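Working notes for the structure below.
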Amino acid sequence: MTTFLQIDLPAALTALFATLVCALAGNFLVLRREALLGDALSHAVLPGIVVGFLLSGTRAALPMILGAAGAAVLAAVLVHFVRRYGRVEPGAALGVVFTVMFALGVVMLEQGAAHRVDLDPDCVLYGQLETVIWLAAQGPGSLIDPAALAQLPRELVTLAVTFSILAALTAWFWKEIKISTFDPELATSLGIPANFFRFGVTLAAAVATVVSFEAVGSILVVAMLVCPAAAARLVANRFGSQLAVALAIAAFTAIAGYTAAAFGPAALGAPIALNAAGMIAALAGCILGVAALFTRHGGPWRRAAAQPA
Amino acid sequence: MTFIGSEAFVRLVEVFTLQAGYNANTVMAGTAVLGAAAGVVGTFVFLRGRALISDALSHATLPGIVLAFLAGSALGFQTRSLPLLLVGATLSGLVGVLAMHALTRIRRITEDAAIGAVLGSFFGLGVVLLSYVQTLSAGGQAGLHHFLLGQAAAMARSEAITIAVLAAFALILVVLFFKEFRLAAFDREFAAGIGWPVSAIDLGMAALGVAVTVIGLQTVGLVMIVALLVVPPVAARFWSNDVKVIALVAGVVGAFSAFTGAAASYAFTSVPTGAAIVLAAGAFAVFSLFFAPKRGIIGVAFAALRFRLDLAQARWLSSVAKGNEAAPRDPLVRAYLRMAGLTGGAGMPTAAARASAPEVSRNLDLWIAALARRPESVPPGVRFGIDRARDVLPSDLIAEIEGRAA
Chain A
0 MTTFLQIDLP AALTALFATL VCALAGNFLV LRREALLGDA LSHAVLPGIV VGFLLSGTRA
60 ALPMILGAAG AAVLAAVLVH FVRRYGRVEP GAALGVVFTV MFALGVVMLE QGAAHRVDLD
120 PDCVLYGQLE TVIWLAAQGP GSLIDPAALA QLPRELVTLA VTFSILAALT AWFWKEIKIS
180 TFDPELATSL GIPANFFRFG VTLAAAVATV VSFEAVGSIL VVAMLVCPAA AARLVANRFG
240 SQLAVALAIA AFTAIAGYTA AAFGPAALGA PIALNAAGMI AALAGCILGV AALFTRHGGP
300 WRRAAAQPA
Chain B
0 MTFIGSEAFV RLVEVFTLQA GYNANTVMAG TAVLGAAAGV VGTFVFLRGR ALISDALSHA
60 TLPGIVLAFL AGSALGFQTR SLPLLLVGAT LSGLVGVLAM HALTRIRRIT EDAAIGAVLG
120 SFFGLGVVLL SYVQTLSAGG QAGLHHFLLG QAAAMARSEA ITIAVLAAFA LILVVLFFKE
180 FRLAAFDREF AAGIGWPVSA IDLGMAALGV AVTVIGLQTV GLVMIVALLV VPPVAARFWS
240 NDVKVIALVA GVVGAFSAFT GAAASYAFTS VPTGAAIVLA AGAFAVFSLF FAPKRGIIGV
300 AFAALRFRLD LAQARWLSSV AKGNEAAPRD PLVRAYLRMA GLTGGAGMPT AAARASAPEV
360 SRNLDLWIAA LARRPESVPP GVRFGIDRAR DVLPSDLIAE IEGRAA
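Sequence order for the protein chains is A and B. Numbering that gives the first Met the number 0 numbers the first residue of the first sequence as 0 and each following residue consecutively. Numbering that gives the first Met the number 0 numbers the first residue of the second sequence as 0 and each following residue consecutively.
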């Protein structure tokens, strides 16, 4: 029980909040056809995160987020420059900027100083769910013991707080965000600052990317952003239900994926644990695959059924 | 201790001057060939807007690489066998591309979502498999790691030769079919109209993209291989509008970046090769963005300033010809006129200015009339009011204007 509280519960909860944060932001990205923004951001912020670490010397969330925000702004400016002066199509401009910045981040990681704060390319690629532990937990009593709760892993707290803030903001500005996403012109004519909300949603996606990055890694963030939202879009027809379905899928993949990775092999007789973040991403992809197979929006199953024999 | 005297610097010089040993030289040469092939093939990937699809493809190779490794150990190979891993990578990359295609056929899934979904979830599967392999005691499993960020220094000579031969083969194919690829990339309808098998050419081009991606996995790593396909062509794009020149420059940039990256990974063993290669290519791209003469930021800004001043000069000469000799108000233009020897000390036109004024004025009037009548027949790339209208404008338009004036 104590092992579960110390190791599995914090890791699973961290995974849960990471997928929830990503699914929330991903919904808007997928609707706005900006899914790859998450991909670009999750790579481009790396040098900023490393600079944040190096300057603060700690792995506190704030310097990391500030550094990442700086890098994200730099990336946006560079993409603009490459598109404007290179007359390069947006996809390639994005590709150039985010890979070069990611490479810069990787080299900075390897230059020694970052090792002090225990950040390495492995963490960047796969995340560090396995290292999220709650040593203060001594039994079920710890769950209501303020002293023990104060020792909860930093990643978990950051993600939970971020999710709560983003969820509250989404609920508060629900109507405005909805109209700005679907019909910016109508929003403007109603006096809603559509550009402000669109920018806000992009910012939310950037924050979601950065805070989940550490837990699940830069590439798996992309799966968390896209898969639940895309699957929900095949199932639900209204914006609200789509968001609810995406969050439900995200929660399911986090719990099921973590369970499968941590306890699956043992149940099959092999005393090992697999990478949980990878398992969650793969599971999210499977769910999207199943949804795509059976959807009425042109899925192969329905198409085959519609063909006369 | 300064950097110049440091051990790392000595090592760097040693590597760059090809004194790091036979094995290192082979690996660096092989990587350079790979870079050249990636730059040239990438030119077409980039022109067709397929950059991000290659990114999804390269991430989707990870499960195949690990499964091929597992199959290899099950079949009793002692160390990882490169050809087997490359076959696994190709198969799984192709499955990823097919999954992406299938997803985009569904109405509510856009291409960007399909790319993101395939990229993330295939990579996730690969990471799970990799974490399984790490619990095994199979030989060579540590090397699998290099497929993520690339590690040229860990490559065997035979592997480098395999890679070089495959890359050279891809390069030769592009050179042989250059004309076909160029036309299919730029004017599909025309190519189809004259009876070329456009779909087959497209497929061939895509296959070359897949081939280069897979060949480059071990050196550059699957996370950043897309950069080797895209960054050199983007850098090259600043230097020319001609596909041949772009492909050539991209090939050279790719080869240099790859060589530099491989050399850096010998000198500083902790730096992943992929990152070093991408940074080298990125440096070329940034340099080109600013300094390429025709399309770079500085060149474009300079040409724009030059155009503004030349046009102001033509307008001033035209007004001189028409009797108004007042100097222009803009001090920059005044300085420009003085430098060109067109105005004297008091801002009055010199003899040279008076001599050329009537001709410049007639030319400017022709331009104004041409633009007012048929702006669509002004060819691109000419400088309004400055180039000789008679030389660059269609002769029938000139005749039309002069006929009307007469």
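Ideal placement from N, C-alpha and C gives every residue a C-beta, glycine not left out. Keep in mind the model is a prediction, meaning the values are calculated, not measured.
Legend entry - DSSP three-state assignment for T218 (chain B), whether helix, strand or coil: Sequence index remark: in the second sequence, residue 218 (chain B) carries index 219 (1-based). Reduced to three states, the DSSP call for T218 (chain B) is helix.
Inset, instruction - Look up P416 (chain B) in the DSSP assignment and say whether it is helix, strand or coil. - result: Residue 416 (chain B) lies beyond the stretch modelled for chain B, which goes from 0 to 405, so this question has no answer here.
Legend entry - Whole-angstrom distance between V200 (chain A) and A186 (chain A), CA atom to CA atom: In the first sequence, the residue the question calls residue 186 (chain A) occupies position 187. In the first sequence, the residue the question calls residue 200 (chain A) occupies position 201. Cα to Cα, A186 (chain A) sits roughly 15 Å from V200 (chain A).
Inset, instruction - Compute the Euclidean distance between the alpha carbons of V39 (chain B) and F27 (chain A), then round it to the nearest angstrom. - result: Position 40 of the second sequence, counted from the start, is the residue given in the question as residue 39 (chain B). Position 28 of the first sequence, counted from the start, is the residue given in the question as residue 27 (chain A). Going from the Cα of V39 (chain B) to the Cα of F27 (chain A) covers about 37 Å.
Legend entry - T134 (chain B) (DSSP reduced to helix, strand or coil): The count along the second sequence starts at 1 and reaches residue 134 (chain B) at position 135. Coil at T134 (chain B), not helix or strand.
Inset, instruction - Report the option in B:S120, B:T218, B:A88 whose CA atom is closest to the CA atom of G29 (chain B). - result: Numbered from 1 along the second sequence, position 30 holds the residue referred to as residue 29 (chain B). Of the listed residues, the one whose Cα sits closest to G29 (chain B) is B:T218.
Legend entry - Minimum Cβ-Cβ distance from G34 (chain B) to chain A less than 8 Å: Taking the first residue of the second sequence as 1, we reach residue 34 (chain B) at position 35. So no, G34 (chain B) is outside the interface.
Legend entry - Limits of the unbroken alpha helix (DSSP H) element including V14 (chain A): To locate residue 14 (chain A), count along the first sequence from 1; it is residue 15. The question names Val, but residue 14 (chain A) in the sequence shown is Ala. 8–30 is the span of the alpha helix (DSSP H), which, as asked, contains A14 (chain A).
Legend entry - Residues within the stretch 25–55 of chain A neighbouring chain B, beta-carbon criterion of under 8 Å: V29, R32, E33, A34, L35, G37, D38
Inset, instruction - Using a threshold of 8 Å, state whether the C-beta atoms of A14 (chain A) and S120 (chain B) are closer than that. - result: By 1-based counting over the first sequence, the position of residue 14 (chain A) is 15. By 1-based counting over the second sequence, the position of residue 120 (chain B) is 121. No. Outside cutoff.
Legend entry - T342 (chain B) (DSSP reduced to helix, strand or coil): Here residue 342 (chain B) refers to the residue found at position 343 when the second sequence is read from its first residue. Looking at T342 (chain B) - three-state DSSP - the assignment turns out to be strand.
Inset, instruction - Determine the burial state of P145 (chain A): buried for a count of at least 16 other Cβ atoms within 10 Å of its Cβ, exposed for fewer. - result: What you label residue 145 (chain A) is simply residue 146 of the first sequence in a count that begins at 1. With fewer than 16 other Cβ atoms within 10 Å, it is exposed.
Legend entry - A351 (chain B) versus A345 (chain B) - alpha carbon distance: Here residue 351 (chain B) refers to the residue found at position 352 of the second sequence. Here residue 345 (chain B) refers to the residue found at position 346 of the second sequence. The alpha-carbon atoms of A351 (chain B) and A345 (chain B) are separated by roughly 15 Å.
Legend entry - Cβ of L128 (chain A) within 8 Å of any chain E Cβ: Absent here is chain E; the protein component of the structure consists of chains A and B.
Legend entry - chain B contacts made by the stretch 180–195 of chain A, where a contact means CB separation under 9 Å: none
Legend entry - Y265 (chain B) versus F181 (chain A): straight-line alpha-carbon distance, rounded: Within the second sequence, numbered from 1, the residue matching residue 265 (chain B) stands at position 266. Within the first sequence, numbered from 1, the residue matching residue 181 (chain A) stands at position 182. Rounded to the nearest angstrom, the two C-alpha atoms are 53 Å apart.
Legend entry - Neighbouring residues, chain A, relative to P271 (chain B) (Cβ below 9 Å): Working through the second sequence from its first residue, we reach residue 271 (chain B) at position 272. Chain A residues near P271 (chain B): A102, V105, V106, E109, P120.
Legend entry - As assigned by DSSP and simplified to three states, the class of T57 (chain A): Translated into positions along the first sequence, residue 57 (chain A) becomes position 58. Looking at T57 (chain A) - three-state DSSP - the assignment turns out to be coil, as it is neither helix nor strand.
Legend entry - V211 (chain B) beta carbon less than 8 Å from that of A88 (chain B): Stepping through the second sequence from its first residue, residue 88 (chain B) is reached at position 89. Stepping through the second sequence from its first residue, residue 211 (chain B) is reached at position 212. No.
Legend entry - CA-to-CA distance, R337 (chain B) to I114 (chain B), given in whole angstroms: Position 115 of the second sequence holds residue 114 (chain B). Position 338 of the second sequence holds residue 337 (chain B). Their Cα atoms are separated by approximately 59 Å.
Legend entry - Whole-angstrom distance between H79 (chain A) and A91 (chain A), CA atom to CA atom: Taking the first sequence and counting its residues from 1, the one referred to as residue 91 (chain A) is at position 92. Taking the first sequence and counting its residues from 1, the one referred to as residue 79 (chain A) is at position 80. Going by the C-alpha atoms only, they are around 12 Å apart.
Inset, instruction - Please look up how many angstroms separate the CB atoms of V65 (chain B) and V117 (chain B), rounded, as I've assumed it's under 8 Å. - result: Sequence index remark: in the second sequence, residue 65 (chain B) carries index 66 (1-based). Sequence index remark: in the second sequence, residue 117 (chain B) carries index 118 (1-based). Incorrect: roughly 17 Å between the Cβ atoms, too far for contact.
Inset, instruction - Would you decide whether F97 (chain A) is buried or exposed? Buried here means 16 or more other CB atoms lie within 10 Å of its CB. - result: Within the first sequence, numbered from 1, the residue matching residue 97 (chain A) stands at position 98. So F97 (chain A) counts as buried.
Legend entry - H100 (chain B) - DSSP class collapsed to helix/strand/coil: Taking the second sequence and counting its residues from 1, the one referred to as residue 100 (chain B) is at position 101. H100 (chain B): helix per DSSP, three-state reduction.
Inset, instruction - Taking 8 Å as the cut-off, decide whether the C-beta atoms of A276 (chain A) and L128 (chain A) are in contact. - result: As a first step, residue 276 (chain A) must be located in the first sequence, where it is residue number 277. As a first step, residue 128 (chain A) must be located in the first sequence, where it is residue number 129. Taking 8 Å as the Cβ cut-off, A276 (chain A) and L128 (chain A) qualify as a contacting pair.
Inset, instruction - Would you mind sorting A170 (chain A) into buried or exposed? The rule is 16 or more other CB atoms within 10 Å of its CB. - result: Residue numbering aside, residue 170 (chain A) sits at position 171 when the first sequence is read from its first letter. Exposed: under 16 other Cβ atoms inside 10 Å.
Legend entry - Amino acids of chain A, ordered along the chain, whose beta-carbon sits closer than 7 Å to that of L102 (chain B): In the second sequence, residue 102 (chain B) corresponds to position 103, counting from 1. Those are A291, listed as they occur along chain A.
Legend entry - Same chain, Cβ closer than 6 Å to A245 (chain A), neighbours up to 5 away in sequence not counted: Sequence index remark: in the first sequence, residue 245 (chain A) carries index 246 (1-based). Only A22, N26, P227, A228, A231 meet the Cβ criterion.
Inset, instruction - Quick one: list the residues of chain A neighbouring F301 (chain B), beta-carbon separation under 7 Å, in chain order. - result: For this step, residue 301 (chain B) is matched to residue 302 along the second sequence. Ordered by position in chain A, no residue passes the 7 Å Cβ test against F301 (chain B), which lies about 13 Å from the chain.
Inset, instruction - Measure the alpha-carbon distance for W195 (chain B) versus E179 (chain B) and round it to whole angstroms. - result: Translated into positions along the second sequence, residue 195 (chain B) becomes position 196. Translated into positions along the second sequence, residue 179 (chain B) becomes position 180. Cα-Cα distance, rounded: 8 Å.
Inset, instruction - Could you give the DSSP three-state label for I224 (chain B): helix, strand or coil? - result: Stepping through the second sequence from its first residue, residue 224 (chain B) is reached at position 225. Of the three classes helix, strand and coil, the one that applies to I224 (chain B) here is helix, per DSSP.
Inset, instruction - State the DSSP-derived secondary structure class of Q312 (chain B), mapped to helix, strand or coil. - result: Taking the first residue of the second sequence as position 1, residue 312 (chain B) is located at position 313. It is helical.
Legend entry - Cut-off 8 Å between Cβ atoms - residues of its own chain near P357 (chain B), not counting five sequence neighbours on either side: The residue labelled residue 357 (chain B) in the question sits at position 358 within the second sequence. Excluding positions up to five away in sequence, the list reads A320.
Legend entry - Beta-carbon proximity list for R373 (chain B), same chain, < 7 Å, skipping 5 on both sides: Position 374 of the second sequence, counted from the first residue, corresponds to residue 373 (chain B). Cβ neighbours of R373 (chain B) beyond the five flanking positions: L396.
Inset, instruction - Compare the Cα-Cα distances from I176 (chain A) to each of A:L12, A:T2, A:L30 and report the closest residue. - result: Numbered from its first residue, the first sequence carries residue 176 (chain A) at position 177. I176 (chain A) has its Cα closest to that of A:L30, out of A:L12, A:T2, A:L30.
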